[in-house]
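Structure first, then comments.
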Amino acid sequence: MGTFSVFIQHTSASLSINENADPTVRTDMEKALNMLVPESWATDGLLDHVDEGPDDITGHVKSTIVGANLTIPVSNGRLALGNWQGIYLCEHRNAGGFGGGHARRLVITVQGLLSSSAHKK
Numbered sequence: 002m003g004t005f006s007v008f009i010q011h012t013s014a015s016l017s018i019n020e021n022a023d024p025t026v027r028t029d030m031e032k033a034l035n036m037l038v039p040e041s042w043a044t045d046g047l048l049d050h051v052d053e054g055p056d057d058i059t060g061h062v063k064s065t066i067v068g069a070n071l072t073i074p075v076s077n078g079r080l081a082l083g084n085w086q087g088i089y090l091c092e093h094r095n096a097g098g099f100g101g102g103h104a105r106r107l108v109i110t111v112q113g114l115l116s117s118s119a120h121k122k
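For the sequence shown, the numbering used here assigns the number 2 to the initial residue and increments by one for each residue that follows.
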């Protein structure tokens with residue numbers, strides 16, 4: 002028994018637990034976040050922090066909404082996620098993420114006790 006914690010060290014990407022069986026969930030989540038925080042807010046002058054482009058401040062807002070960390074129980078040496086649950090790294094910049102110019106770093110911490118059967122091996 003224990004916990005698995007993951008934290009993303011960036012302000013325009015986030016972490017989420019969501020359904021991982023249907024790929025349309027990912028695209029629907031992106032569409033929904035874009036409806037909640039449209040980039041037009043930056044291009045129309047409603048938001049000011051646009052030094053790195055119109056997706057800069059909107060990426061920060063989306064990251065704040067979704068969150069930068071997750072804690073998941075560990076049971077029998079495995080993450081205790083539900084049947085359809087998966088961990089998503091949500092990129093909120095158009096040119097961000099892997100290979101797009103914005104490296105993403107995660108800090109992972111695992112805490113817990115080894116089961117008595119693990120001590121015998």
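In this text, a Cβ means the ideal position worked out from N, Cα and C, and glycines have one as well.
{"Check": "What are the uninterrupted segments assigned as beta strand (DSSP E) that are 3 or more residues long and contained completely in the region 50-78, given in chain order?", "Outcome": "70-76"}
{"Check": "Looking at the secondary structure, which residues open and close the beta strand (DSSP E) in which V7 lies?", "Outcome": "3-9"}
{"Check": "Assuming G60 and S13 make a contact with CB atoms under 8 Å, what is their CB distance in whole Å?", "Outcome": "3 Å"}
{"Check": "So, with DSSP's three-state summary, where would you put A96?", "Outcome": "coil"}
{"Check": "Check the C-beta distance from L80 over to I9 and give it rounded, since I have them as a contact under 8 Å.", "Outcome": "The Cβ separation is near 17 Å, so there is no contact."}
{"Check": "For the pair the region 21-38 and the region 61-75, tell me if three or more CB-CB distances fall below 8 Å.", "Outcome": "yes"}
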